[in-house]
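Protein chains in written order, with full-length UniProt numbering: chain E, 1 to 136; chain S, 1 to 76.
Backbone N, C-alpha and C fix where the C-beta goes; we use that ideal spot for every residue, glycine too.
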Amino acid sequence: MSQPMYLDRLDTPLPDRPWKDVLDSTDKSLKQKEKGPWTALSKEEKIALYRLKFNHTYPEMKRPSHEWKTVIGGMFIVFGITGLVVFWQCHYVYPPQPHTFGEEWQAKQIQRMLDMRINPITGFSAQWDYKNKQWK
Amino acid sequence: MSLAKPAMRGLLGKRLRFHLPIAFALSVVAAAAFKYGVTEPRKQAYADFYKQYDATKEFNNMREAGIFESVRPTGK
């Protein structure tokens, strides 16, 4: 980390060091030519100099990858494993349900709420037809 | 190639001039929608309920249902 590093990053356009550090003789002569006027360089030479300095171009850095498929697939696998764990837990870990969850108790509870006129204007008892004794 | 020089100043002002009127308009719309979608119907529901409300009758119905502890149903 303390040495100059090359990094292809969208937000750092000029990395600490060029891509190719060790230049062979053709690269060295090209670098010498670069010291002169740049109008003397041909198009291929300019591209070669670019490729010496940088690894990927911006479009190459931004190319889409197939990583999302791995991510979504892994996600679903984890969902599946979690589902199995939850199922085992429901069977082996949970205590019996409280008696207040039973059908009879729930019915008696609803009847008592209606008798007490819970939320009679916009809420619970407003949905009950007291004359005909049924839900509206 | 000679590209035009990009805008260097006034970026925040430009953004605010564009977004603030829209934000203001949308906030007003949200408030109006809530007022006329939620609060006005609610006020109307309360008004309608209490127009035909007989407190004594309701009390007696509740008493017969047996929910009170201070007054038992008539006939006990």
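Tell me the DSSP bridge mates of Thr12(E)?
Beta-bridge pairing links Thr12(E) to Arg9(E).
Mind checking Phe54(E): buried by the 16 CB within 10 Å criterion, or exposed?
Classification of Phe54(E): buried, given that the 10 Å Cβ count is 16 or more.
In the DSSP assignment, what residue or residues form a beta bridge with Gln52(S)?
In DSSP, Gln52(S) forms no bridge with anything.
Are the region 115-122 of chain E and the region 58-65 of chain S in contact at 8 angstroms, needing three or more beta carbon pairs?
Counting Cβ pairs under 8 angstroms, three or more are found: they touch.
Only counting the same chain, and skipping five residues up and downstream in sequence, which positions put a Cβ closer than 8 angstroms to that of Pro37(E)?
Within the same chain, Pro37(E) has no close Cβ partners at all.
Who are Gln134(E)'s beta bridge partners in DSSP?
Note: Gln134(E) sits in a beta bridge opposite Asp129(E).
How is Asp21(E) classed by DSSP in three states: helix, strand or coil?
Here Asp21(E) sits in coil by DSSP.
Measure the alpha-carbon distance for Ala32(S) versus Trp68(E) and round it to whole angstroms.
About 42 angstroms.
Chain S partners of Ile121(E), CB-CB under 7 angstroms?
The answer, in chain order, is Ala45, Tyr46 and Phe49.
May I ask you to report which of helix, strand or coil DSSP gives Ala4(S)?
Coil, per DSSP.
Residues in the region 91-122 of chain E with C-beta within 9 angstroms of chain S's C-beta atoms, listed in sequence order?
The region 91-122 of chain E vs chain S, Cβ under 9 angstroms: Gln111, Arg112, Leu114, Asp115, Met116, Arg117, Pro120, Ile121 and Thr122.
Smallest Cα separation from Thr26(E): which of Glu45(E), Asp8(E), Thr70(E) and Leu84(E)?
Considering only alpha carbons, the answer is Glu45(E).
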